[in-house]
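This report refers to the structure that appears directly beneath it.
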Amino acid sequence: MAPDMDGAMRTRERVGFDPARLGRLYDELGREGAERAVAGALEVLRARLARIGDIPPEEDEALARAARGMVGVAEEAGLSTLARVAGDLSGAARRRDRRAAAAIRARLERVGELCLRAYGAG
22 MAPDMDGAMR TRERVGFDPA RLGRLYDELG REGAERAVAG ALEVLRARLA
72 RIGDIPPEED EALARAARGM VGVAEEAGLS TLARVAGDLS GAARRRDRRA
122 AAAIRARLER VGELCLRAYG AG
């Protein structure tokens with residue numbers, strides 16, 4: 022985090038892509054097929070991000086399930102950072118560590134938005 026001009030802390034996130042996974046998608050499905058697969062994954066991720074945002078913080082099990090459901094989709098689309106953060110959220114929710122879950126949920130929202138924007142879907 023870096024201080025802003027007004028002294029407030031701003032977070033800077035980096036989005037990690039798995040180029041090898043994306044390359045395999047292109048090899049397996051061809052350009053058009055890979056683009057359709059990634060576009061479909063992004064729509065699923067957008068919906069799951071919204072769902073996670075709607076889950077009350079005290080519903081640990083629902084939050085863990087929703088976050089865990091994002092991991093595979095993010096991995097399939099080559100979004101390694103998003104997959105890792107979703108996995109972290111699932112783990113914190115399963116442990117009922119609500120403070121950690123709140124911080125990780127905020128990070129997941131930032132990373133998710135950056136991923137969607139990076140792919141031109143945000």
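Its first residue numbered 22, the sequence shown is counted upward by one per residue in our numbering.
The beta carbon of each residue, even a glycine, is placed where N, CA and C say it ideally should be.
> My guess is that M91 and A107 are in contact by the Cβ rule of under 8 Å, so how many angstroms apart are they, rounded?
Replying inline: 4 Å
>> Check whether the segment 60-71 and the segment 88-102 are in contact - that is, three or more C-beta pairs closer than 8 Å.
In response: yes
>> Let me confirm a value: A122 is counted as buried when at least 16 other C-beta atoms fall within 10 Å, else exposed. Which label applies?
In response: buried
> Between I73 and A85, which are expected to be in contact by the criterion C-beta below 8 Å, what is the C-beta distance as a whole number of angstroms?
Replying inline: Between A85 and I73 the Cβ distance is about 10 Å, and since that is not below 8 Å, they are no contact.
> What alpha helix (DSSP H) runs, 4 residues minimum, are completely inside the segment 27-91?
Replying inline: 40-75
> Where do the N-terminal and C-terminal ends of the alpha helix (DSSP H) with D109 fall, by residue?
Replying inline: S101 to R115
> CB-CB under 6 Å to A71, same chain, minus the five flanking residues each way: which ones, in chain order?
Replying inline: none
> Start and end of the alpha helix (DSSP H) containing A123?
Replying inline: R119 to A139
> Would you report the Cα separation of R119 and L50, rounded to the nearest angstrom?
Replying inline: 40 Å
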